[in-house]
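4 protein chains.
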Amino acid sequence: MIDVQNQPDNRGIPIQQTGVSGVCLPFLIEDGGKIQPVQAHVRFTVALDENLRGTHMSRLIEILDDWREKPIAFRTLDAILRAAIEKLSTTAAYIRLDFKYFLERRAPVSGRTSLLDVDCTLVASLVDGRTAFQLGLSVPFTTLCPCSREISDCGAHNQRSVCSVLLSFGGAPTVTIDGLTKLIESQASSAIVPLLKREDEKYVTEAAYNNPKFVEDILRDVVIALRSIKGLKSFSIECENCESIHNHNAFALHDEIVG
Amino acid sequence: MIDVQNQPDNRGIPIQQTGVSGVCLPFLIEDGGKIQPVQAHVRFTVALDENLRGTHMSRLIEILDDWREKPIAFRTLDAILRAAIEKLSTTAAYIRLDFKYFLERRAPVSGRTSLLDVDCTLVASLVDGRTAFQLGLSVPFTTLCPCSREISDCGAHNQRSVCSVLLSFGGAPTVTIDGLTKLIESQASSAIVPLLKREDEKYVTEAAYNNPKFVEDILRDVVIALRSIKGLKSFSIECENCESIHNHNAFALHDEIVG
Amino acid sequence: MIDVQNQPDNRGIPIQQTGVSGVCLPFLIEDGGKIQPVQAHVRFTVALDENLRGTHMSRLIEILDDWREKPIAFRTLDAILRAAIEKLSTTAAYIRLDFKYFLERRAPVSGRTSLLDVDCTLVASLVDGRTAFQLGLSVPFTTLCPCSREISDCGAHNQRSVCSVLLSFGGAPTVTIDGLTKLIESQASSAIVPLLKREDEKYVTEAAYNNPKFVEDILRDVVIALRSIKGLKSFSIECENCESIHNHNAFALHDEIVG
Amino acid sequence: MIDVQNQPDNRGIPIQQTGVSGVCLPFLIEDGGKIQPVQAHVRFTVALDENLRGTHMSRLIEILDDWREKPIAFRTLDAILRAAIEKLSTTAAYIRLDFKYFLERRAPVSGRTSLLDVDCTLVASLVDGRTAFQLGLSVPFTTLCPCSREISDCGAHNQRSVCSVLLSFGGAPTVTIDGLTKLIESQASSAIVPLLKREDEKYVTEAAYNNPKFVEDILRDVVIALRSIKGLKSFSIECENCESIHNHNAFALHDEIVG
Numbered sequence: 061m062i063d064v065q066n067q068p069d070n071r072g073i074p075i076q077q078t079g080v081s082g083v084c085l086p087f088l089i090e091d092g093g094k095i096q097p098v099q100a101h102v103r104f105t106v107a108l109d110e111n112l113r114g115t116h117m118s119r120l121i122e123i124l125d126d127w128r129e130k131p132i133a134f135r136t137l138d139a140i141l142r143a144a145i146e147k148l149s150t151t152a153a154y155i156r157l158d159f160k161y162f163l164e165r166r167a168p169v170s171g172r173t174s175l176l177d178v179d180c181t182l183v184a185s186l187v188d189g190r191t192a193f194q195l196g197l198s199v200p201f202t203t204l205c206p207c208s209r210e211i212s213d214c215g216a217h218n219q220r221s222v223c224s225v226l227l228s229f230g231g232a233p234t235v236t237i238d239g240l241t242k243l244i245e246s247q248a249s250s251a252i253v254p255l256l257k258r259e260d261e262k263y264v265t266e267a268a269y270n271n272p273k274f275v276e277d278i279l280r281d282v283v284i285a286l287r288s289i290k291g292l293k294s295f296s297i298e299c300e301n302c303e304s305i306h307n308h309n310a311f312a313l314h315d316e317i318v319g
Numbered sequence: 061m062i063d064v065q066n067q068p069d070n071r072g073i074p075i076q077q078t079g080v081s082g083v084c085l086p087f088l089i090e091d092g093g094k095i096q097p098v099q100a101h102v103r104f105t106v107a108l109d110e111n112l113r114g115t116h117m118s119r120l121i122e123i124l125d126d127w128r129e130k131p132i133a134f135r136t137l138d139a140i141l142r143a144a145i146e147k148l149s150t151t152a153a154y155i156r157l158d159f160k161y162f163l164e165r166r167a168p169v170s171g172r173t174s175l176l177d178v179d180c181t182l183v184a185s186l187v188d189g190r191t192a193f194q195l196g197l198s199v200p201f202t203t204l205c206p207c208s209r210e211i212s213d214c215g216a217h218n219q220r221s222v223c224s225v226l227l228s229f230g231g232a233p234t235v236t237i238d239g240l241t242k243l244i245e246s247q248a249s250s251a252i253v254p255l256l257k258r259e260d261e262k263y264v265t266e267a268a269y270n271n272p273k274f275v276e277d278i279l280r281d282v283v284i285a286l287r288s289i290k291g292l293k294s295f296s297i298e299c300e301n302c303e304s305i306h307n308h309n310a311f312a313l314h315d316e317i318v319g
Numbered sequence: 061m062i063d064v065q066n067q068p069d070n071r072g073i074p075i076q077q078t079g080v081s082g083v084c085l086p087f088l089i090e091d092g093g094k095i096q097p098v099q100a101h102v103r104f105t106v107a108l109d110e111n112l113r114g115t116h117m118s119r120l121i122e123i124l125d126d127w128r129e130k131p132i133a134f135r136t137l138d139a140i141l142r143a144a145i146e147k148l149s150t151t152a153a154y155i156r157l158d159f160k161y162f163l164e165r166r167a168p169v170s171g172r173t174s175l176l177d178v179d180c181t182l183v184a185s186l187v188d189g190r191t192a193f194q195l196g197l198s199v200p201f202t203t204l205c206p207c208s209r210e211i212s213d214c215g216a217h218n219q220r221s222v223c224s225v226l227l228s229f230g231g232a233p234t235v236t237i238d239g240l241t242k243l244i245e246s247q248a249s250s251a252i253v254p255l256l257k258r259e260d261e262k263y264v265t266e267a268a269y270n271n272p273k274f275v276e277d278i279l280r281d282v283v284i285a286l287r288s289i290k291g292l293k294s295f296s297i298e299c300e301n302c303e304s305i306h307n308h309n310a311f312a313l314h315d316e317i318v319g
Numbered sequence: 061m062i063d064v065q066n067q068p069d070n071r072g073i074p075i076q077q078t079g080v081s082g083v084c085l086p087f088l089i090e091d092g093g094k095i096q097p098v099q100a101h102v103r104f105t106v107a108l109d110e111n112l113r114g115t116h117m118s119r120l121i122e123i124l125d126d127w128r129e130k131p132i133a134f135r136t137l138d139a140i141l142r143a144a145i146e147k148l149s150t151t152a153a154y155i156r157l158d159f160k161y162f163l164e165r166r167a168p169v170s171g172r173t174s175l176l177d178v179d180c181t182l183v184a185s186l187v188d189g190r191t192a193f194q195l196g197l198s199v200p201f202t203t204l205c206p207c208s209r210e211i212s213d214c215g216a217h218n219q220r221s222v223c224s225v226l227l228s229f230g231g232a233p234t235v236t237i238d239g240l241t242k243l244i245e246s247q248a249s250s251a252i253v254p255l256l257k258r259e260d261e262k263y264v265t266e267a268a269y270n271n272p273k274f275v276e277d278i279l280r281d282v283v284i285a286l287r288s289i290k291g292l293k294s295f296s297i298e299c300e301n302c303e304s305i306h307n308h309n310a311f312a313l314h315d316e317i318v319g
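Chains as they are written, first to last, in this note's numbering: chain A, 61 to 319; chain B, 61 to 319; chain C, 61 to 319; chain D, 61 to 319.
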């Protein structure tokens, strides 16, 4: 049967990335020594030489299928990329997984535990023999407005906020999903806990009131916290407060090359 | 050219609705004597006789196109449905438009005006000569938790909430989009205003603190408010508070047949 | 500590459903004798007496937490609802889980297997001692247009389509997720298989070309297929073809009370 | 009333961007001499000096409000950014508008006209007195698979695809929304037209069959087409085919610095 993808191409344009996107698959994610089943959306691509018309996309699906029941960590992503480079006879491969990851959180007074979901992104690239990794997280928490608190006789507007970070590492990331989430949560007016009994609700309400922060405060405190991570090459941060008094958000972003 | 849609069908199944969905078009919406350009997502369907294989969907797009520059109100939807019934030789037609609608709001102290966006739905059906209408709205506002306020030494958690209502009328709706939005907003801990100066922020912060409401309180107060609307046959309400202290929502719903 | 939720309410309005929504949690789903880890979005609500101001939402989160590591099937949902009714001293409870579920599919010629993701919904209600169940599925497949094929000298437009069904049962559903998915897929121009080698691609291309179907054909054939399910009380079907030649969809729907 | 935002900050971190996001507003967009009302989602931010705690976000909303009824073109975005820099005493400002834009398209045989919606993005930045602009578009069209066509005895799988481009210019963009859309559409297997009569459906079906293209073909042809645009500094392209035979997409991307 003719292999149309393998036909020559004379437009003279090497393609940076071609492959599959929107692939939904179950995986086992390994983080900090624990293994958790997740459902990931995957983008998996390779470079294509200027002389070739198309890549063989079904091979990318086959490779993903091989890792269905083996734990995925950054070293696994490296092996997946090496398989792609070999099976598709190319020089560069890229993978991105987006999934929800669950972390156990303990209520501050009652000590009851529950599961917090964070949006997590793992990215790996292997270009000309060099691997690079990125770890992305979107962490929800509470912010309470310092201005509203200061000018009002009672109360202060507060809201659900989310801080999204993307960290770039030369080698394998030196932080866990759980550790990075805690680092970010600890910059908030108050962390979010799914299960709160009344004594816990009193605690987090007062904690947030006593720790008012603008979106700019959160951003600066996360910048300072991220700078301390070993092996970090660069990071980007986006903070968004879903203002309870508006139908739009307060927003701040910051990018930085670290080392 | 052969008309495949017009082929006979012998499965003996009359189809309740067939047509087009996800159609994105600009329209002019008329509400309370004002005309506003909107961008709507449209579902437009007709009944199909058991003896026919398919409907002629391009005619539905042609009909929508005829109304592109004429104001859309409930009486227009009735005319659109009559055109569908005639052009497609059927006995029933249905249309649903979803769009963002902008309402001018005034800040409580500074008096500055700004535009609030609400999600609006217009539905009309014409079955065996009888027209029925539905008006749907999703209105954002602020809620402040009575429990959090009562048990805490300071502050109270509050958040952005949304109340979605769907009202069914026998004839044309007796309320405007603006009027129904205001009716719902006035049941909140505080209405949302996009543009607030500092004196306004103090006002809405204190107003919400002094008017704490559970999701159940909002629901009940909206029930009472809707019951007073003339000509209403039935309504459904869904209230959702995007809790600032959780990553999930507090939720309540209620359906009622009125008259 | 004062229990504000437990305060009396004198508005005279019993609330049909109040509780939590948008709760994201991992569960184990049991279907057809197999157990699969999923990530579900949950809505979990109870009825509230007209004399009570609010429900105790943290108890609903506690109940969900109890079932985190036990397989969820319809009988489990019944037990979850009974726990809610007991812990919240009410007469009705409702739960809805939405999640992606993975099914193994075999390529038609090469025999290679891969995983297809379908969107699945489980609903259960327990009102005045009577339980009712609903099973919902959104199944993707290929449709090829009979009109386009007939009138064109070569080719025919085809596209990804999705059929969403919601089945209501008096007792526990008599179909599995896998079985119901196969029943729907077999009404398509061709089923979707994530991993196709070239010989498979030839097969599905020709299969779809030789089995052209309008959205109305799919709908009618699914109606006939669903009518044969034992114990079914009613069903609703929505079919949507993401037309390759338009930026909108062809759409059809049908509701039916069976027994 | 105390100005908490204006308090000094001693963390030593200048903030790159802070402001508002998710603002939904109606605007008038001017493109190629025509003016069209749209509903935009806006992100509007400024730089914040390391010595200041927060910015005054309500002023950003006020500025947007000033341009509600005046046509928005790239020169308007420049004026909006200058207003932000002046009113917020800063050195850099950024704005991004995302909206649906409607373009009239003519059916190839019947000549009937209808409106195609494309997703459009306008970005402008003013940093240290220098303005830069970006124009982004997501254009839907049809692709037909060359491999499927070649290996199959009849038919070929085809699908809805989308090509998203982001073009960066030093000065004001030299292309219109309409012109750039047409440039991209003309690289497809067939352009999409919302309203097609039967003779048009025959035409586009055969046109696509006679012009099969892989996602890589589309990408390369768009690369060649974009390189010819005057004044272009750089561009990025993402092409995604919503494969009719899979539940995932074929995907390719390419970035290039032009001049």
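All C-beta atoms in this analysis are idealised placements derived from N, C-alpha and C, irrespective of residue type, glycine included. Model, not experiment: these values are computed from the prediction.
*Starting from S118 of chain D, follow the alpha helix (DSSP H) in both directions and report where the run begins and ends.*
Along the fourth sequence, one-based indexing puts residue 118 of chain D at 58. In the DSSP assignment, S118 of chain D falls within the unbroken alpha helix (DSSP H) covering 117 to 126.
*For chain C, is any of its Cβ atoms less than 8 angstroms away from the one on D238 of chain D?*
Residue numbering aside, residue 238 of chain D sits at position 178 when the fourth sequence is read from its first letter. Using beta-carbon distances, D238 of chain D does not count as an interface residue toward chain C, since no partner is under 8 angstroms.
_Using a Cβ-Cβ cutoff of less than 7 angstroms, which residues in the same chain neighbour N111 of chain B once the five nearest sequence positions on both sides are dropped?_
Locating residue 111 of chain B in the second sequence gives position 51, where the first residue counts as 1. Within the same chain, N111 of chain B has close Cβ partners P68, D69.
*With 16 as the cutoff for other CB atoms within 10 Å, does I284 of chain C come out buried or exposed?*
As a first step, residue 284 of chain C must be located in the third sequence, where it is residue number 224. Result: exposed.
_Own chain, CB closer than 6 angstroms to L186 of chain C, minus 5 neighbours either side, in chain order_ = Position 126 of the third sequence holds residue 186 of chain C. Excluding the 5 residues flanking it on each side, L186 of chain C has same chain C-beta neighbours closer than 6 angstroms at L141, A153, in chain order.
*Close beta carbons around G230 of chain A, own chain, < 6 angstroms, minus the five adjacent residues each side*: The residue labelled residue 230 of chain A in the question sits at position 170 within the first sequence. So the list reads K293, once near-sequence residues are dropped.
*Could you check if M61 of chain D is buried or exposed, using at least 16 other CB atoms within 10 Å of its CB as the buried criterion?*
Counting from 1 along the fourth sequence, the entry for residue 61 of chain D is found at position 1. Burial call: exposed.
*Could you say which of D:E259, D:I305, D:L195 lies nearest to I297 of chain D if we only look at CA atoms?*
Taking the fourth sequence and counting its residues from 1, the one referred to as residue 297 of chain D is at position 237. I297 of chain D has its Cα closest to that of D:L195, out of D:E259, D:I305, D:L195.
*CB contact check: Q219 of chain A to chain B, cutoff 8 angstroms*: Within the first sequence, the letter at position 159 stands for residue 219 of chain A. Cβ-Cβ to chain B under 8 angstroms: yes for Q219 of chain A.
_Classify S221 of chain A: buried if its beta carbon has 16 or more other beta carbons within 10 angstroms, exposed otherwise._
The sequence position of residue 221 of chain A within the first sequence is 161, counting from 1. Buried is the call here.
*From S81 of chain D to F159 of chain D, what does the alpha carbon distance come to, in whole angstroms?*
Working through the fourth sequence from its first residue, we reach residue 81 of chain D at position 21. Working through the fourth sequence from its first residue, we reach residue 159 of chain D at position 99. Roughly 14 angstroms between the two C-alpha positions.
_Measuring CB atoms only, is the stretch 305 to 314 of chain C touching the stretch 275 to 282 of chain C, in the sense that at least three cross pairs come out at less than 8 angstroms?_
These segments touch.
*Can you give me, in chain order, the residues of the stretch 104 to 115 of chain C that have a beta carbon less than 8 angstroms from any beta carbon in chain B?*
Within the stretch 104 to 115 of chain C, the residues whose Cβ lies closer than 8 angstroms to some Cβ of chain B are T105, L108, R113, G114, T115, listed in chain order.
*How many whole angstroms separate the CB atoms of S170 of chain A and K262 of chain A, which I take to be in contact at a CB cut-off of 8 angstroms?*
Within the first sequence, the letter at position 110 stands for residue 170 of chain A. Within the first sequence, the letter at position 202 stands for residue 262 of chain A. Between S170 of chain A and K262 of chain A a beta carbon distance of about 11 angstroms is seen, past the 8 angstroms cut, so the two are scored as non-contacting.
_Neighbour list for C214 of chain A in chain E, Cβ cutoff strictly below 7 angstroms_ = You won't find chain E in this structure, because its protein chains are A, B, C and D.
_Within 10 Å of its beta-carbon, does T173 of chain B have 16 or more other beta-carbons around it, so buried, or fewer, so exposed?_
As a first step, residue 173 of chain B is located in the second sequence; it is residue number 113 there, counting from the start. Under this definition T173 of chain B is an exposed residue.
*Can you tell me where the beta strand (DSSP E) with T203 of chain D in it begins and where it stops?*
One-based indexing of the fourth sequence puts residue 203 of chain D at position 143. Taken as a continuous stretch (DSSP letters only), the beta strand (DSSP E) holding T203 of chain D covers 190 to 204.
_Pull the bridge partners of R156 of chain C from the DSSP assignment, please._
As a working mapping, residue 156 of chain C is identified with position 96 in the third sequence. BP columns for R156 of chain C point to C:R103, C:V183.
*Provide the residue span of the beta strand (DSSP E) that contains D315 of chain A, from first to last.*
Sequence index remark: in the first sequence, residue 315 of chain A carries index 255 (1-based). Counting along the chain, the beta strand (DSSP E) containing D315 of chain A begins and ends at 309 to 317.
*Measuring from the CB of A285 of chain C, is there a heavy atom of the ligand HEM at a distance below 7 angstroms?*
This structure does not include the ligand HEM; it has no bound ligands of any sort.
*Using the C-alpha atoms, what's the distance from T203 of chain B back to G215 of chain A?*
What you label residue 215 of chain A is simply residue 155 of the first sequence in a count that begins at 1. What you label residue 203 of chain B is simply residue 143 of the second sequence in a count that begins at 1. Approximately 12 angstroms between the Cα atoms of the pair.
*asked:* Cβ closer than 7 angstroms: which chain A residues qualify as neighbours of P233 of chain C?
replied: Along the third sequence, read from residue 1 onward, the residue named residue 233 of chain C stands at position 173. Ordered by position in chain A, no residue passes the 7 angstroms Cβ test against P233 of chain C, which lies about 23 angstroms from the chain.
*asked:* Taking DSSP's pairing of strands, which residues face K94 of chain C in a bridge?
replied: Walking along the third sequence from the start, residue 94 of chain C turns up at place 34. Looking at the DSSP assignment, K94 of chain C forms a beta bridge with C:D91.
*asked:* For N218 of chain B, count the other beta carbons within 10 Å of its own beta carbon; 16 or more makes it buried, fewer makes it exposed. Which is it?
replied: One-based indexing of the second sequence puts residue 218 of chain B at position 158. N218 of chain B is buried by the Cβ-count criterion.
*Alpha carbon to alpha carbon, what distance is there between P97 of chain C and I89 of chain A?*
On the first sequence, position 29 is the one that residue 89 of chain A refers to. On the third sequence, position 37 is the one that residue 97 of chain C refers to. Taking C-alpha positions only, I89 of chain A is separated from P97 of chain C by approximately 13 angstroms.
_Are the CB atoms of N307 of chain C and P254 of chain D within a distance shorter than 8 angstroms?_
What you label residue 254 of chain D is simply residue 194 of the fourth sequence in a count that begins at 1. What you label residue 307 of chain C is simply residue 247 of the third sequence in a count that begins at 1. Yes, the pair counts as a contact, with Cβ atoms nearer than the cut-off.
*Can you grab the Cα-Cα spacing for the pair A251 of chain D / E245 of chain D, in whole Å?*
Residue 251 of chain D sits at position 191 when you count from the first residue of the fourth sequence. Residue 245 of chain D sits at position 185 when you count from the first residue of the fourth sequence. For A251 of chain D and E245 of chain D, the distance between alpha carbons rounds to 5 angstroms.
*asked:* Please report the straight-line C-alpha distance between T150 of chain C and P233 of chain B, rounded to a whole angstrom.
replied: Position 90 of the third sequence, counting from 1, holds the residue named residue 150 of chain C. Position 173 of the second sequence, counting from 1, holds the residue named residue 233 of chain B. Per the coordinates, the alpha-carbon of T150 of chain C lies some 36 angstroms from the alpha-carbon of P233 of chain B.
_Against chain C: residues of the stretch 168 to 182 of chain B by CB proximity under 9 angstroms_ = Within the stretch 168 to 182 of chain B, no residue places its CB atom closer than 9 angstroms to a CB of chain C.
*Closer than 7 angstroms at the beta carbon, the chain C residues around C84 of chain A*: Your numbering for residue 84 of chain A matches position 24 in the first sequence. Residues of chain C passing the Cβ test: K160, D177.
*Please classify F295 of chain B: does DSSP put it in a helix, a strand, or coil?*
Counting from 1 along the second sequence, the entry for residue 295 of chain B is found at position 235. DSSP places F295 of chain B in strand when its eight states are reduced to three.
*When the Cα atoms are used, what is the spatial distance from A192 of chain A to A184 of chain A?*
Taking the first sequence and counting its residues from 1, one reaches residue 192 of chain A at position 132. Taking the first sequence and counting its residues from 1, one reaches residue 184 of chain A at position 124. So the two alpha carbons sit approximately 6 angstroms from each other.
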